[in-house]
């Protein structure tokens, strides 16, 4: 049972089972469950976007939290904070869901329009609104969490509202920020501060390079900062430009590296309910059957002699998408492999990928979705997972793929090689194939290596076994978070 004397509120922009746009949706869910299993009373807060079904997810009203006025500038918009339960086979976590028509229900998407994939122009106001609603929720419930934990730029205004709007009430609460990357800092114009309703004397803490910068504020008001990739953490020390200049604000802060884990129940091929054939003693049969299912799903002619390569192409990966499209014709004409890709890309890329898939149908099939069930089936039915882009959230996909005996083939830029251990043919160790994208003039050499490994069945099996036998769980990291929380509450 969770300890009544120790509580955490975790604010995130997305989480399963409600929504999953990026790997963050996976991470938020599995993190909350892992912390709960440490005996901590953790509750999660997130918005209810227009694409989330209240009926399916059993989201219901909390009487005390209906039509709360949330000011944005000179206007006020009512929020109703609703409740839901997040469940795993071993535990459950309560979720507080912020609902509002203007900022969330009317938006058919999370960060981008689900149809056009264009960023919503009011994201700055939307997540400002959510951040204030989180503080109001705790205030009205008269619940004072010991720790408020928030993630990346979208929720980085959360601590400001606790500390500046209710300084006496939450003075003992400690605030922890997890930063996965510095790409999305949620910036806005120089007059945006007026919409926050916060005291003007604190205005300087919200601005960077003459712009309102949510992540900078999140860093300033944090009592501790967690980064999830030690390679990237070291890189920003020598190249502060990687943080868009925010590195200087990390100095003097308590910064700790705690790696993300994965959901041992959700990403477990022996029990996975989202794949058609589960893993038992016969790995070859597991792969073969899921390959057949994958070919059927993508309406392709089954060919067991080809290596199956999975790709997940995300809308944020502009450079990687351009690079793939540029190199694809030379690569795909070889007909030596089959690529099955899930793509969530802007309209300008959709037609190009469709044309490539039509012209090289023996080598490439694309579905324009990031459906979670299909993602599980993709990893279960492929031999290799290939990704040009690489940051901590794309590393997460590689880890999930490895659990299904699918060999990661990824860019080594900021890769966490302690987790995704490099394959060394001479030392006979590791399971991940790395390449340096900045020195690769074409993709063919990478895929030649894929074909070579696939044809060497002993090596293929060895790498697959090494991958799926790894322990990628949250167990170690959850204990490290508990230690961090405890240390903060003791004033250390």
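Numbering (our numbering), first residue to last: 480 to 971.
All residues carry an ideal CB built from backbone N, CA and C; glycine is no exception.
On a predicted model such as this, the values are computed, not experimentally measured, just so you know.
Same chain only: Cβ atoms within 7 Å of residue i, ignoring 5 sequence neighbours per side
i: residue 961; result: 517 and 519
i: residue 539; result: 561 and 562
i: residue 860; result: 769, 770, 772, 773 and 787
i: residue 831; result: 804
i: residue 706; result: 658, 712, 734 and 736
i: residue 953; result: 509, 510, 513 and 740
i: residue 682; result: 672
i: residue 867; result: 799, 802, 803, 890 and 916
i: residue 814; result: 841 and 842
Neighbourhood of residue i by C-beta distance below 6 Å, restricted to the same chain and skipping five residues each side
i: residue 676; result: 550
i: residue 745; result: none
i: residue 698; result: 728
i: residue 779; result: 844
C-beta atoms of residue i and residue j nearer than 8 Å
i: residue 704; j: residue 680; result: no
i: residue 624; j: residue 565; result: no
i: residue 642; j: residue 700; result: yes
i: residue 929; j: residue 786; result: yes
i: residue 902; j: residue 912; result: yes
i: residue 975; j: residue 893; result: Limits of the chain in this structure are 480 at one end and 971 at the other, which puts residue 975 out of reach.
i: residue 696; j: residue 636; result: yes
i: residue 852; j: residue 915; result: no
i: residue 511; j: residue 490; result: no
i: residue 910; j: residue 881; result: yes
i: residue 576; j: residue 527; result: yes
i: residue 499; j: residue 570; result: no
i: residue 632; j: residue 766; result: no
i: residue 658; j: residue 487; result: no
i: residue 582; j: residue 614; result: no
i: residue 610; j: residue 634; result: yes
i: residue 702; j: residue 967; result: yes
Rounded Cβ spacing between residue i and residue j (contact assumed at less than 8 Å)
i: residue 585; j: residue 529; result: 6 Å
i: residue 788; j: residue 816; result: 6 Å
i: residue 946; j: residue 886; result: 6 Å
i: residue 671; j: residue 722; result: Not quite, the Cβ-Cβ distance comes to about 21 Å (not below 8 Å), so this is no contact.
i: residue 572; j: residue 531; result: Going by Cβ atoms, the distance from residue 572 to residue 531 rounds to 17 Å, so no, they are not a contact pair.
i: residue 824; j: residue 591; result: The pair is not a contact, with the Cβ atoms about 11 Å apart (cut-off 8 Å).
i: residue 922; j: residue 810; result: 5 Å
i: residue 606; j: residue 507; result: The Cβ separation is near 15 Å, so there is no contact.
Beta-bridge pairing of residue i - partner residues as DSSP gives them
i: residue 561; result: 540 and 576
i: residue 787; result: 817
i: residue 644; result: Looking at the DSSP assignment, residue 644 forms no beta bridge with any residue, so it has no partner.
i: residue 908; result: 903
i: residue 680; result: None, per the DSSP bridge assignment.
i: residue 525; result: 576
i: residue 706; result: 658 and 736
i: residue 843; result: 818
i: residue 548; result: 557
i: residue 627; result: 488 and 654
i: residue 692; result: 666
i: residue 686; result: 691
i: residue 792; result: 822
i: residue 864; result: 789 and 887
Backbone CA spacing between residue i and residue j [nearest angstrom]
i: residue 481; j: residue 844; result: The predicted position of residue 481 is uncertain, since its pLDDT is 43 and thus under 50; a value taken from the coordinates is nonetheless stated next. Rounded to whole angstroms, residue 481 to residue 844 spans 47 Å at the Cα level.
i: residue 678; j: residue 684; result: 11 Å
i: residue 796; j: residue 828; result: 11 Å
i: residue 665; j: residue 898; result: 29 Å
i: residue 589; j: residue 863; result: 30 Å
i: residue 937; j: residue 600; result: 52 Å
i: residue 533; j: residue 574; result: 13 Å
i: residue 821; j: residue 865; result: 12 Å
i: residue 630; j: residue 963; result: 16 Å
i: residue 656; j: residue 593; result: 28 Å
i: residue 846; j: residue 653; result: 44 Å
i: residue 674; j: residue 603; result: 10 Å
i: residue 608; j: residue 801; result: 35 Å
i: residue 743; j: residue 485; result: 25 Å
i: residue 812; j: residue 782; result: 17 Å
i: residue 842; j: residue 596; result: 26 Å
i: residue 951; j: residue 548; result: 43 Å
i: residue 761; j: residue 944; result: 12 Å
i: residue 663; j: residue 622; result: 30 Å
i: residue 719; j: residue 686; result: 17 Å
i: residue 848; j: residue 650; result: 44 Å
i: residue 792; j: residue 579; result: 31 Å
Other residues of its chain near residue i: CB distance less than 8 Å, five sequence neighbours each side excluded
i: residue 668; result: 690 and 691
i: residue 895; result: 708, 709, 710, 738, 871 and 874
i: residue 956; result: 513, 737, 738, 739 and 740
i: residue 546; result: 557, 558 and 559
i: residue 748; result: 754, 757, 758, 765, 859, 882, 883, 884 and 947
i: residue 777; result: 819, 844 and 846
is_contact[residue i, chain B] using C-beta, thresh 8 Å
i: residue 548; result: Among the chains of the structure shown, chain B does not appear; only one protein chain is present.
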